[in-house]
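This report refers to the structure that appears directly beneath it.
Chains as they are written, first to last, in my numbering: chain V, 4 to 348; chain P, 4 to 348; chain E, 4 to 348; chain X, 4 to 348.
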């Protein structure tokens, strides 16, 4: 049994990691930290875990905890991660970091959107943990930077067409919509039930911190530097991200040909489902699962292709993808612990 | 007192008209039809109206009802409207038609997106009922074609910038999101609570019937023929439309200059609110009101402006705008009966 | 114009008061306080109010504000109210207090459920502001204690049957369900969207502070001291309270006879609607209105009557009832500003 | 591998059975019927199942399907079940029937609440499939009548106290609240998103068909004939039932003693969790799982105990319990396929 720890286990992502790992046959959860809830059983903070998860939140005392696990998931805020991750690596541990700190390979870009990077020497080594693109590197990684939720939906949605060179990356617009778990479990007025319910809004227009991460990967796929318009929105639901992505076609293909490109790109992928022509993804059909569903529409009137991709932001957009990365890093079957079907309705 | 009738009063739009008209001091509701509910009191079908609205649904028997009102709101499906509206006009009545049948001035365009038009002789006379653009014409109209909900949000959001010639209409993309009242009150699996709740999806991508209506008005504002990408989505909420609209800038203006354009365009308008720079609309802040809230972000990185507009689809997107048009057609104060504040939360 | 002030205007109740008063023809809102938001326009904290409400939150500086209004609504937490209300009264103002501080006439009972009462000398004078029961007293009051939301629904639901002596008050059980606005607008994890949505729970079972208030009024109606079981629950919606109330019948009446009792008791009441036999209230049909809808079922199998009452907790359960009380205290028509129909859907 | 079939697989319960069985290591789903969707892949009707479930809905042709499975789940409406189940039994199959047709052992009682029973000869043999009460009988059953959702929550909530004789069954009141999946997947206006959202209501007060089923089991546990008040309500959520149950105490016990009774009664049960004193269940903490969470409050003021029980109506209230019964009937570990943790948030 692989011993795993979660640093920062009291947020929604930490709880989701706990839920998924509880069904993983090769893994034992041995450490779960939470500064705020240190000393409390996980099941007191998340009653859903009662009688099944018997671990107690502990404070982050590195010398104490580092020996009690082989792999660590770091689910702490950016800036905190960059101080913890190096300690874990130096202690010989493997790490799947769910923060943004090791996703952007260029420290200058990182610092433009976030703040000073205090561990830039690990940026080169960190592997961007999107298995559908970087599987081989993840297999050999000791530090995997788990992608952001929005980037996962946008990169998986566009990669086949960018690679095939049939869309113009300069015309890319990603209009994304997320459930409220994306905002985390901190007390705040803006995410109260009565503020979110029966409402819909955009936020951080043109300035969301996932932008440079998306642009880095889109640029690599396009073979040249690209900037995109990315607009996140808040949907009155708990889980799910749906991205509607617009791009001008540069080659005139039929819908069937585009379908073929998607199909071929993802045909071996266990977690990407391509919708039949004329049908589109919906977040309720991936809820609780590690799927990314992708559909598209070729709009000949405007010369654009409109791509729709849907994920559960806490699973394929965070904890599920992290476990998928762990499976790769340890040679487990990639789908282990991740095959439960979406919970619909 | 003006006597008004509602043809097709049992849907959500009809109920909303009833609600709004009940607070209008110059109007008496004398006729409400519903084929399906003929003989039932409105308050049995909508218990919210109990003890205040004492009308009974009647079947549509034109010769019976036509004399009992001066103005009719026709809230019936397209194709039905084109058979009813001419009868009302011939009987000397004024009409605010909430269907699509008289919105598109070119019968050929209408027939491409809908079906054969059997009353094209009225297309020329019908006035597109968007007061912020066509107020003078509405004042003199006897047939007002009340705009669609999505078009209202998109046209009001873009008109100032299109008129000012500072955005490129060929790059226009409207990504719109609507609450479930937009789907009406018919029994269907797709709009059951359990199918819509905790879910988000796009539908009718690139083929929604509001597209030609939007393009007609955008083209008029641009001074040339324009096609746009329009993608509607379903949000798990009852009321509200938020449109996120993307366009390339053709002139380099500052945010303050763009704000000024919006402010000047709408400064006399009682129902359009321009958000301060850095703040954006949200549907929950217009719910139940006739407001259209508009905000924008100039994204210099991409050379695009992103416009956000929000309305209550049943009010400014349907019944409220219809009453606003009625007010204009009868010389009432334009805001009469429409000043109640949004119901938040 | 009556000048009114709201002390504690930044919570949901304060915002609802603002919304309702904005449509009241005899009133001008001149003061709105908020310690936390002092200096900010109301419309920045509640964008729904933009362009219509131009007041700025001010801090609570009594000597400053007391002269600028004739009547004050105090929408502050209990314990705070008891320090503010006497100052207002001493300055010659009338007060509608929305806290619990003056609802319970027996200071000992109050202190058992709350804390020490520092202004018990006003308890005798304060009138319990339920117009359907205490209209005559409210007309002459200078201090009206606006009832709690749960008590309003339970007292109105049971008063006719208790008065008629046909149910056994010792068997009374009130199982109440409330939307999340009842928890207020403070940042807290328990009322985040993701904690409330897709969930249902009971809380403060047998120990909610509305219990003594309910028992005081139920006892007065019954003519003897009564204790009841009261269980509040949290519903994943914003507005609305529905109480399901159980009691053993002590006289064997028919449904028609019970209906008659309700009808006669409330036949002059503008805000109480009695549902036809076989139909029951639902919160969505009173949303945004000052109605209390009441229905009942006589269950001969068990010898119980089951009463259902529904209100909007922010309107008839708080701000609407407060305005109704104000209307009575100033001789305005009781329904002034309160006649807008429920917003459904 | 056990071959199982689902008769009536296109409703929410059928889909949930499919989801749960897909993770069951000893079972292969070989038959799924749907009159309405015959010929369509399950994954077209439930896109959540895409790429994992490759079965096609077939019409109900008994002679065709009966040989292709060993055990059948019948998830058809009552009255339909009583015609299908006997055919399956006569063909030597085992059956878990999810309808009401075989739950009530007295045909006269059944016929009073439902309609004529055409297969009363099987009532004696059928075992009421509540494993916590009837485990030994289920192990030997060939026809298990899977309990209703409401009855599951109410019987599990009260059984320990009834058995212990410490509450008065004549004072039992069950106030239950259910998510909208309980209404099924049929098109209807009453369960549209816009009718259910932001609303709460009671329905079928004192006349819901689960009443005789609850009374049968409560009476058996009490040792005498009991009638209860049972009021179902509709909550604006998809999944979950929470029952608030009231009863007078007949013995004066402490909270600790009551806790001990619950603890001892359920201590070996894998799917019943007893909440610590002072904490209560919530539906969001059992969602998607086979748990029944139970909490209680002893209210000395009123001499009543208030019991709260929560289940996922589609899992412990239907499909999960059905699989639990199947596990017992075939000697599988009772928890097989049922251990996934609740999906919160």
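No residue lacks a Cβ here, since even glycine has one placed at the ideal position from N, Cα and C.
Cutoff 8 Å: residue 192 of chain P Cβ touching any chain X Cβ: The residue given as residue 192 of chain P occupies position 189 in the second chain. It does: the Cβ of residue 192 of chain P has a partner Cβ on chain X nearer than 8 Å.
Neighbour flag for residue 311 of chain X against chain E, beta carbons, 8 Å: Translated into the one-based positions of the fourth chain, residue 311 of chain X becomes position 308. Residue 311 of chain X counts as touching chain E.
Within-8 Å CB hit, residue 344 of chain V to chain X: For the purposes of this step, residue 344 of chain V is identified with residue 341 of the first chain, where counting begins at 1. Cβ-Cβ to chain X under 8 Å: yes for residue 344 of chain V.
CB contact flag (residue 184 of chain E, residue 101 of chain E, <8 Å): Within the third chain, residue 184 of chain E is the residue found at index 181, counting from 1. Within the third chain, residue 101 of chain E is the residue found at index 98, counting from 1. No, the Cβ-Cβ distance between residue 184 of chain E and residue 101 of chain E is not below 8 Å.
DSSP three-state assignment for residue 151 of chain V, whether helix, strand or coil: In the first chain, residue 151 of chain V corresponds to position 148, counting from 1. Residue 151 of chain V: coil per DSSP, three-state reduction.
8 Å Cβ cutoff, residue 349 of chain X in contact with chain V: The structure shown has nothing for residue 349 of chain X, since chain X only spans 4 to 348.
Run of the alpha helix (DSSP H) containing residue 139 of chain P, from where it starts to where it stops: By one-based count along the second chain, residue 139 of chain P stands at place 136. Residues 134-143.
Within-8 Å CB hit, residue 230 of chain E to chain X: Along the third chain, read from residue 1 onward, the residue named residue 230 of chain E stands at position 227. Yes, contact with chain X.
Contact check, residue 180 of chain V vs residue 242 of chain V, beta carbons under 8 Å: Along the first chain, one-based indexing puts residue 180 of chain V at 177. Along the first chain, one-based indexing puts residue 242 of chain V at 239. No; because the gap between Cβ atoms is not below 8 Å, this pair is not in contact.
Neighbour-count burial assignment, residue 266 of chain V, 16 or more Cβ in a 10 Å radius: Numbered from 1 along the first chain, position 263 holds the residue referred to as residue 266 of chain V. By the neighbour-count rule (16 or more Cβ atoms within 10 Å), residue 266 of chain V is not buried but exposed.
C-beta atoms of residue 8 of chain V and residue 68 of chain V nearer than 8 Å: Indexing the first chain from 1 puts residue 8 of chain V at position 5. Indexing the first chain from 1 puts residue 68 of chain V at position 65. For residue 8 of chain V and residue 68 of chain V, yes; Cβs fall inside 8 Å.
Residues near residue 128 of chain P in its chain [Cβ-Cβ closer than 7 Å; skip 5 each side]: Sequence index remark: in the second chain, residue 128 of chain P carries index 125 (1-based). Around residue 128 of chain P: 146.
Chain-ordered neighbours of residue 15 of chain V on chain E, where CB pairs are closer than 9 Å: Taking the first chain and counting its residues from 1, the one referred to as residue 15 of chain V is at position 12. Near residue 15 of chain V (Cβ distances below 9 Å), the residues of chain E are 197.
Proximity of residue 231 of chain X and residue 176 of chain X at Cβ, strictly below 8 Å: Counting from 1 along the fourth chain, the entry for residue 231 of chain X is found at position 228. Counting from 1 along the fourth chain, the entry for residue 176 of chain X is found at position 173. Contact flag set, yes.
Span separating the alpha-carbon of residue 107 of chain V from that of residue 113 of chain V: The residue labelled residue 107 of chain V in the question sits at position 104 within the first chain. The residue labelled residue 113 of chain V in the question sits at position 110 within the first chain. If I take the Cα positions, the gap works out to 6 Å.
4 or more residues per run - each alpha helix (DSSP H) lying fully within the segment 221-301 of chain X: 258-269
Proximity test, Cβ basis, 8 Å: residue 188 of chain V and chain E: Position 185 of the first chain, counted from the first residue, corresponds to residue 188 of chain V. By this cut-off, residue 188 of chain V is an interface position.
Distance CB(residue 47 of chain P)-CB(residue 335 of chain P) smaller than 8 Å: By 1-based counting over the second chain, the position of residue 47 of chain P is 44. By 1-based counting over the second chain, the position of residue 335 of chain P is 332. For residue 47 of chain P and residue 335 of chain P, no; Cβs fall outside 8 Å.
Residues near residue 154 of chain P in its chain [Cβ-Cβ closer than 7 Å; skip 5 each side]: Along the second chain, one-based indexing puts residue 154 of chain P at 151. The residues are 213, 216, 217 and 220.
Cβ-Cβ separation, residue 195 of chain P to residue 196 of chain X (assumed contact under 8 Å), whole Å: Numbered from 1 along the fourth chain, position 193 holds the residue referred to as residue 196 of chain X. Numbered from 1 along the second chain, position 192 holds the residue referred to as residue 195 of chain P. That belief holds up - the Cβ atoms of residue 196 of chain X and residue 195 of chain P are roughly 7 Å apart, short of 8 Å.
Closer than 7 Å at the beta carbon, the chain X residues around residue 201 of chain V: Residue numbering aside, residue 201 of chain V sits at position 198 when the first chain is read from its first letter. 201, listed in chain order.
Buried versus exposed call for residue 80 of chain P [16 or more other C-beta atoms within 10 Å across all chains shown]: For the purposes of this step, residue 80 of chain P is taken as residue 77 along the second chain, with counting starting at 1. Label assigned to residue 80 of chain P: exposed.
Nearest-angstrom Cα separation, counted from residue 257 of chain P out to residue 99 of chain E: Mapped onto the third chain, residue 99 of chain E falls at position 96. Mapped onto the second chain, residue 257 of chain P falls at position 254. Near 49 Å, if we compare the C-alpha coordinates of residue 257 of chain P and residue 99 of chain E.
Minimum Cβ-Cβ distance from residue 250 of chain E to chain V less than 8 Å: Here residue 250 of chain E is taken as the residue at index 247 of the third chain, counted from 1. Cβ-Cβ to chain V under 8 Å: no for residue 250 of chain E.
Start-to-end residues for the alpha helix (DSSP H) that takes in residue 67 of chain E: Residue numbering aside, residue 67 of chain E sits at position 64 when the third chain is read from its first letter. Counting along the chain, the alpha helix (DSSP H) containing residue 67 of chain E begins and ends at 65-68.
Interface residues of the segment 45-64 of chain P facing chain E [CB-CB below 9 Å]: 47, 49, 50, 51, 52, 53, 54, 55 and 56
Short Cβ contact (8 Å threshold) for residue 293 of chain E with residue 132 of chain E: Indexing the third chain from 1 puts residue 293 of chain E at position 290. Indexing the third chain from 1 puts residue 132 of chain E at position 129. At the C-beta level, residue 293 of chain E and residue 132 of chain E stay beyond 8 Å of one another.
Chain-ordered residues of the segment 272-294 of chain V with a beta carbon less than 9 Å from chain E: none
Whole runs of the alpha helix (DSSP H) within the segment 25-81 of chain V, excluding any shorter than 4 residues: 45-48 and 65-68
Neighbour list for residue 241 of chain X in chain V, Cβ cutoff strictly below 7 Å: Within the fourth chain, residue 241 of chain X is the residue found at index 238, counting from 1. What residue 241 of chain X touches in chain V: 348.
Inter-residue spacing [alpha-carbon to alpha-carbon] between residue 21 of chain E and residue 345 of chain P: Here the question's residue 21 of chain E lines up with position 18 in the third chain. Here the question's residue 345 of chain P lines up with position 342 in the second chain. The straight-line gap from Cα to Cα measures roughly 11 Å.
Residue 115 of chain V versus residue 305 of chain P: straight-line alpha-carbon distance, rounded: Your numbering for residue 115 of chain V matches position 112 in the first chain. Your numbering for residue 305 of chain P matches position 302 in the second chain. If you take the alpha carbons of residue 115 of chain V and residue 305 of chain P, they lie about 17 Å apart.
Cβ-based neighbour list, residue 238 of chain X, same chain, cut-off 6 Å, excluding 5 preceding and 5 following: For the purposes of this step, residue 238 of chain X is taken as residue 235 along the fourth chain, with counting starting at 1. Cβ within range, chain order: 180 and 182.
Minimum Cβ-Cβ distance from residue 35 of chain X to chain V less than 8 Å: As a working note, residue 35 of chain X is residue 32 in the fourth chain. Taking Cβ atoms only, chain V never reaches closer than 8 Å to residue 35 of chain X, which makes this a no.
Beta bridge counterpart(s) of residue 204 of chain V as assigned by DSSP: Taking the first residue of the first chain as position 1, residue 204 of chain V is located at position 201. Answer is V:237 and P:285, bridged to residue 204 of chain V.
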